[in-house]
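Q: Residues 4 to 1050 in this note's numbering are what the sequence shown lists, from first letter to last.
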Amino acid sequence: MKKKQKSSTTTLKNVSREGRRILWFDEINITDIPLVGGKNASLGEMYSKLTKKGVIVPNGFAVTSKAYWEFLAHKDLKKKLKITLKDLDVNDIRNLKKTGKAVRTLLLSASMPKEISNEVIAAYRELAKKTGHKKLAVAVRSSATAEDLPDASFAGQQETYLNVCGEQDVLDAVKKCIASLFTDRAMSYREGHGFDHLSIALSVTIQEMVRSDTGASGVMFTMDTESGFQGVSLVTSAYGLGEYVVQGKVVPDQFYVFKDGLRRGKKAVISRTLGSKQVKLVYGKTKGVKQARVSQQERDKFAISDDEVLQLAKWGAQIEAHYNKPQDIEWAKDGETGKLYIVQARPETVKARSSHAVIENYELKQEGKILLSGIAVGQKIGAGKVRVIEKREEMKTFKKGEILVTRITDPDWEPIMRIASAIVTEQGGKTSHAAIVSRELGVPCIVGAKNARKLLKNGSEVTVSCAKGDEGVIYKGILPFEVKRTELDNIPDTKTGIMMNVGDPDHAFSLSFLPNDGIGLARQEFIFSNFIRIHPQALLQYNTLKDKVAKKKIREMTLGYKDKSEYCVSRLAEGIGRLGASMYPKPVILRLSDFKTNEYRTLIGGKEFEPEEQNPMIGWRGASRYYSDEYKEAFGLECKAIKRVREEWGLENIIVMVPFCRTPEEGEKVLKTMEEFGLKRGENGLQVYVMCEIPSNVILAEEFAKIFDGFSIGSNDLTQLTLGVDRDSSLVSHVYDENNPAVKKLIRDVIAVAHKYKKKVGICGQAPSDYPEFAEFLVRAGIDSISLNPDTVVDTRRRISSVEKTLGNTGKKTHKTFVSLVAALGMLGAGLITLGAGCGSVTLSSPSMNTADVTPAQIRMRAEEQAKAQQEQAVSEEMTQIFVDDFADVKISYPIRWQVKQWRGGITVEDPSSGSYLTLAQELVSPPSGQDSGTPISVDGVSGTVRHVTMQDGKDVMVADLEYKGQMLQVSGTSDFFEKIFNLLDFVSSTSPGIFENRPLNQWDVKEGRLCSQVITYAKQSDESSCVAYPTPCDVPDGWKVCDGGA
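1) Short of 6 Å in beta carbon distance, which residues of its chain neighbour V1031, apart from the five on each side in sequence? Order them along the chain.
2) Relative to the C-alpha of Y242, which candidate in L343, K336, E474 has its C-alpha closest?
3) Below 8 Å, how does it come out for the region 457 to 476 and the region 289 to 300: are there three or more Cβ pairs, yes or no?
4) What is the DSSP secondary structure of S308, reduced to helix, strand or coil?
5) By DSSP, does A70 sit in helix, in strand, or in coil?
6) Can you name the residues that DSSP bridges to M971?
7) Can you list, in chain order, the residues of its chain with a C-beta nearer than 8 Å to that of Y587? Leave out the 5 residues immediately preceding and following it.
8) Do the region 213 to 231 and the region 186 to 197 touch if we need at least three Cβ pairs shorter than 8 Å?
9) Look at the alpha carbon of A65 and the alpha carbon of E21, and state the distance between them as a whole number of angstroms.
10) Mark P329 as exposed unless 16 or more other C-beta atoms lie within 10 angstroms of its C-beta, in which case mark it buried.
11) Can you find the residues in the same chain that come closer than 7 Å, C-beta to C-beta, to P508, ignoring five residues on each side of it along the sequence?
12) Please list, in chain order, all residues of the same chain as A644 whose beta carbon is under 7 Å from its beta carbon, the five residues on each side excluded.
13) What residue does the beta strand (DSSP E) around D256 start on, and which one ends it?
14) Spell out the partners DSSP gives D331 in its beta bridges.
15) Go to Y692, then tell me how far its beta strand (DSSP E) extends in each direction, as first and last residue.
16) Could you check if I1075 is buried or exposed, using at least 16 other CB atoms within 10 Å of its CB as the buried criterion?
17) Checking 8 Å against the spacing of the C-beta atoms, do T102 and D415 come in under that value?
18) What do you reckon, are the CB atoms on E926 and Q973 nearer than 8 Å?
19) Could you tell me which uninterrupted beta strand (DSSP E) segments, each at least 3 residues in length, are contained entirely in the region 545 to 629, listed from first to last along the chain?
20) Output needed for P495: all residues of its chain with C-beta closer than 8 Å, excluding positions within five of it in sequence on either side, in chain order.
21) Just checking my contact of Y365 with I384 at CB under 8 Å: how many whole Å lie between their CB atoms?
22) Apart from the five residues just before and just after L987, which ones in its own chain have a Cβ nearer than 7 Å to its Cβ?
23) Mind reading off the beta-carbon distance from V177 to V207? Whole number of angstroms is fine, and I expect it under 8 Å.
24) Rounded C-beta distance between R302 and K280? I'm assuming under 8 Å.
25) Are the CB atoms of Q210 and G63 nearer to each other than 8 Å?
26) Compare the beta carbon distance of R97 and A182 with 8 Å and say whether it is the shorter of the two.
27) In its own chain, which residues sit with a C-beta less than 7 Å from the C-beta of T1020, not counting the 5 before and 5 after it?
28) Would you tell me roughly how many angstroms separate the C-alpha atoms of L721 and V693, rounded to the nearest one?
29) My guess is that G431 and A437 are in contact by the Cβ rule of under 8 Å, so how many angstroms apart are they, rounded?
30) Roughly how many angstroms separate the alpha carbons of H737 and K610, rounded to a whole number?
31) To which residues of the same chain is P539 closer than 7 Å at the C-beta, ignoring the five residues directly before and after it?
32) Whose C-alpha, out of K52, F981, S788, E966, is nearest the C-alpha of K498?
33) For the 8 Å Cβ check, are there 3 or more pairs between the region 555 to 569 and the region 612 to 620?
34) Provide the residue span of the beta strand (DSSP E) that contains F886, from first to last.
35) Under 6 Å Cβ to Cβ from G944, same chain only, skipping five residues before and after it: list those, please.
36) At the level of alpha carbons, what is the spacing between F663 and S699?
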């Protein structure tokens, strides 16, 4: 018997890869998905390519799809499956359950061909020998051949078996994995996504187990799962085997790592949240797994250290860079050796494929009674009647539009999750099954909501809101809410910086997608009120606090911190860190805490430290607190937090701003106090601005300019202090007006002084957000930046762009690319040119000519020529490359600052600031016969034609049709960059690794508007109409017919 097996294994060496039943990880790469499925292809790719770079992956092998098809062919099994599946109706839950059970029984009772079982046993023995274990424990996992396509997520739909020991148990687990391809949830998913049940094969992973049952495990995303922000990695961790984290049976610890800081060697763990981790999954006594409780001592500390978080994040960055896309990664820590391992990686399939061309913002119009809270998944709001489901058998009672409330979900629950208006689970975290599926479905979800099944009653009406950041809230009753949609297409650039006022760190990652130039006002008060909630002096003087109630609250809230003051420093740093990371490397202007005494009193323990003032608006606030003996030590906590964020985490884009600084002498005292706590202006690039919100700030602006790096005008306080108006008094509120000439004169004056001293000056008050005409006034006055409420950023940017054009300013892109054109047109009577009042001056390289001897038209022509040359030079300055190998073997070179969008059968490289692009794609429908056939061309040996096309909206593009390996490829792009990038196309014999893992497109993807990428598409309104060109198939109006060749 042994000889026969050895002979069988030896013979395999001469068999082609496609004919192999077993492939080892070091023989597999990412192009092998049809053979070994997405999971195994990724494991093989990492094992063979990344282990040499330090990423540790446990060894193993794959039972290939070749073995699967042989199993189905054995004794007419496939024919029997076809008959059983004939009457399947996934919309009928009873029918689905009955059919699924019948199919699985058929598979489990079928005998496995000897050729397959012999090879599996031989490979298992070899793996045991390599690892030095006679009876090796392995994980047996399913790997579907259509798994982890960008438009489908098969992950988690098939079964996994852990701590499998012995040859017969391994064979049994392989068969169970094959049967799990036909679970109710998997069949439902395939039907919903148009996949034929018998066209998808299953490969099986057999991998050495990591003893994380005595250690820890978790999931890592190389992006923020809720917003899609790619500047951070999210790491979750819990004790025991990783299945409980994936399934959502525990609330894990959670860490955010700032990726750019990590690359520069910083210890950039910018956020930590302790999970409850009440239970864990461990090895059974002889085989299999069992649940165990976690001790309170272990629950009260993080499952892994910061150094281990950083190591995992480094590996995550390597894996993401290798695949060139965000990753969803599972990891494990061996409790016996302390080693970390990567046990699985797949492309993130939800946020990575979502478009940020439209930003949706959900907002409650009113708040009601809070019933419960938990961890928010997504940022939406849902409302409806509660339906508590305790077990699977009750799923048939669930009705469309109800709120699903349960302990935990698994893939079997997906049919009802699809029709829920919101989902609430008692267990789980951001990487649990409920979170991942609800995110994919776009359904608001709250996980980790303790006692939800008891507190929420069947039939009661509730509103589930995930619109407040990380905390999800369930309100009594159906509350009104609205959805604001912001279109981000064709947003103009502006010379004036458009920044945002942001207080809540939980929203910062989402806001990063708005067209902004940074944060002009980051309010620390929000962090104190919502994240810290305790008066800083109450933390410093905890032992002598008289208020026993406050003391008890502080003790409970600061559990797990080495001392009470560290609680404040840590929480404040994490809030600032999120704000800084969200915009990096764009500036984030952080205002030091600016509570008034009556507001400080509302913090826990605050009454013991704050006086009751008659007029706190002009009392002990801002700069005067920071250097005072009474508050100086508490201010030191702020300085420590800022120092940690900037120096330890690498967020040097944080600019400190001093509020309510009455005199230059006060400013000097604050700077000296900051220096005492380790924050020295000018050191490590630290800039310190001052708020200009008191008339003395303008009157003494020259003195302030000598000690600070910039000004930010606070129009709210400046207006009330200039006009002597209490804006909160209804008796005189009608006098309060930012458009008052006195206020405007002060603003003009401080802008002039700031620019005289080459200091930046912006505004962060409410007026520019509320009054468009006030924003226009600021632009005309030459302000450097305007900071707005996020919901007004897009409209204000468009308006300011228009104003700048009337002033001769045409935005950042114009000033960089066409600066000589602007210069030349202004040179009719001058040799030196200054652009804009008070904006940064620019030295211009104007066309060499004698202005006395030429006409304005000649100046314009020469300037245009020079601008075009500069533009071409900018394109060629810094280039990068991407390899394509699914529909064509080609290398594309493009500017490094451009973005890449890829889809089934095509790729677009695009400049996000200008909209310039180039698309390479399969030509799925032919251009109409009446179109210009174009000029013959050849690029890198591939022949074709190129033509000029005017789109339906009047825009001009270039389109090339290339004949390549028996198919037509379409290359299209904006005229300005088309020739440059087109001529750099390099058709190669092969490329590796591949970046596409999808099914081929067909003509119906274009004709039915399923493809929304930039593939030039011709359509006509009726048979009598002419064909008109559109940028994408999705732009074709409803009811119009796509032109295909002569059609």
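A virtual CB, placed ideally from N, CA and C, is assigned to each residue, including glycine. These numbers were taken from a predicted model, which means no experiment stands behind them.
A: Based on what the coordinates show:
1) The residue labelled residue 1031 in the question sits at position 1028 within the sequence shown. Correct list, in chain order: Q955.
2) Within the sequence shown, numbered from 1, the residue matching residue 242 stands at position 239. Considering only alpha carbons, the answer is K336.
3) Contact between the region 457 to 476 and the region 289 to 300 is absent, because fewer than three Cβ pairs lie under 8 Å.
4) Position 305 of the sequence shown, counting from 1, holds the residue named residue 308. Three-state result, S308: coil.
5) Here the question's residue 70 lines up with position 67 in the sequence shown. Secondary structure at A70: helix, using DSSP grouped into helix, strand and coil.
6) Residue mapping note: residue 971 aligns to position 968 of the sequence shown, counting from 1. According to DSSP, which records beta bridges pairwise, M971 is partnered with E966.
7) On the sequence shown, position 584 is the one that residue 587 refers to. The answer, listed in chain order, is G234, F261, D263, L654, N656.
8) no
9) In the sequence shown, residue 65 corresponds to position 62, counting from 1. In the sequence shown, residue 21 corresponds to position 18, counting from 1. Taking the straight line from one Cα to the other gives about 13 Å.
10) Locating residue 329 in the sequence shown gives position 326, where the first residue counts as 1. Buried: at least 16 other Cβ atoms inside 10 Å.
11) If you number the sequence shown from 1, residue 508 lands on position 505. Listed in chain order, the non-local C-beta contacts of P508 below 7 Å within the same chain comprise I530, G578, R581, L582, local neighbours out to five positions each way being set aside.
12) To locate residue 644, count along the sequence shown from 1; it is residue 641. Excluding sequence neighbours, A644 sits near V572, L575, A576, I579.
13) On the sequence shown, residue 256 is found 253 positions in, with the first residue counted as 1. Its beta strand (DSSP E) spans residues 256 to 261.
14) Position 328 of the sequence shown, counted from the start, is the residue given in the question as residue 331. Looking at the DSSP assignment, D331 forms a beta bridge with F224, R349.
15) On the sequence shown, residue 692 is found 689 positions in, with the first residue counted as 1. First-last of the beta strand (DSSP E) with Y692: 691 to 695.
16) The requested residue 1075 does not occur in the structure, where the chain is confined to residues 4 to 1050.
17) Within the sequence shown, the letter at position 99 stands for residue 102. Within the sequence shown, the letter at position 412 stands for residue 415. No, Cβ-Cβ distance for T102 and D415 is not below 8 Å.
18) Taking the sequence shown and counting its residues from 1, one reaches residue 926 at position 923. Taking the sequence shown and counting its residues from 1, one reaches residue 973 at position 970. Yes. Within cutoff.
19) Within the region 545 to 629, the complete beta strand (DSSP E) runs of at least 3 residues are 591 to 594.
20) Locating residue 495 in the sequence shown gives position 492, counting from the first residue. Result list for P495: R800, R801, S804, G814, in chain order.
21) Here residue 365 corresponds to residue number 362 of the sequence shown, with the count starting at 1. Here residue 384 corresponds to residue number 381 of the sequence shown, with the count starting at 1. Going by Cβ atoms, the distance from Y365 to I384 rounds to 5 Å, so yes, they are a contact pair.
22) Here residue 987 is taken as the residue at index 984 of the sequence shown, counted from 1. Cβ neighbours of L987 beyond the five flanking positions: S896.
23) Against the sequence shown, residue 177 aligns to sequence position 174. Against the sequence shown, residue 207 aligns to sequence position 204. So it is a contact: roughly 5 Å between Cβ atoms.
24) Within the sequence shown, the letter at position 299 stands for residue 302. Within the sequence shown, the letter at position 277 stands for residue 280. Right, the Cβ-Cβ distance comes to about 5 Å (below 8 Å), so this counts as a contact.
25) Your numbering for residue 210 matches position 207 in the sequence shown. Your numbering for residue 63 matches position 60 in the sequence shown. A contact, by the Cβ cut-off of 8 Å.
26) As a position in the sequence shown, residue 97 is number 94, starting the count at 1. As a position in the sequence shown, residue 182 is number 179, starting the count at 1. The answer is no: Cβ separation not under 8 Å.
27) For the purposes of this step, residue 1020 is identified with residue 1017 of the sequence shown, where counting begins at 1. Counting only Cβ-Cβ distances below 7 Å, and skipping sequence neighbours, we find V1009, Y1033, T1035, P1036, V1039, V1045.
28) Translated into positions along the sequence shown, residue 721 becomes position 718. Translated into positions along the sequence shown, residue 693 becomes position 690. Their Cα atoms are separated by approximately 13 Å.
29) Counting from one through the sequence shown, the residue named residue 431 turns up at place 428. Counting from one through the sequence shown, the residue named residue 437 turns up at place 434. Approximately 5 Å separates the beta-carbon atoms of G431 and A437; this is inside 8 Å, confirming the contact.
30) By one-based count along the sequence shown, residue 737 stands at place 734. By one-based count along the sequence shown, residue 610 stands at place 607. Looking at the two C-alpha atoms, the distance is approximately 34 Å.
31) Reading the sequence shown from its first residue, position 536 is the one you call residue 539. So the list reads C571, A637, L640, once near-sequence residues are dropped.
32) As a position in the sequence shown, residue 498 is number 495, starting the count at 1. Among K52, F981, S788, E966, the Cα nearest to that of K498 belongs to S788.
33) no
34) Counted from its first residue, the sequence shown places residue 886 at position 883. 882 to 887 is the extent of the beta strand (DSSP E) around F886.
35) If you number the sequence shown from 1, residue 944 lands on position 941. Same-chain partners within the cutoff: there are none.
36) Numbered from 1 along the sequence shown, position 660 holds the residue referred to as residue 663. Numbered from 1 along the sequence shown, position 696 holds the residue referred to as residue 699. Taking the straight line joining both Cα atoms gives about 10 Å.
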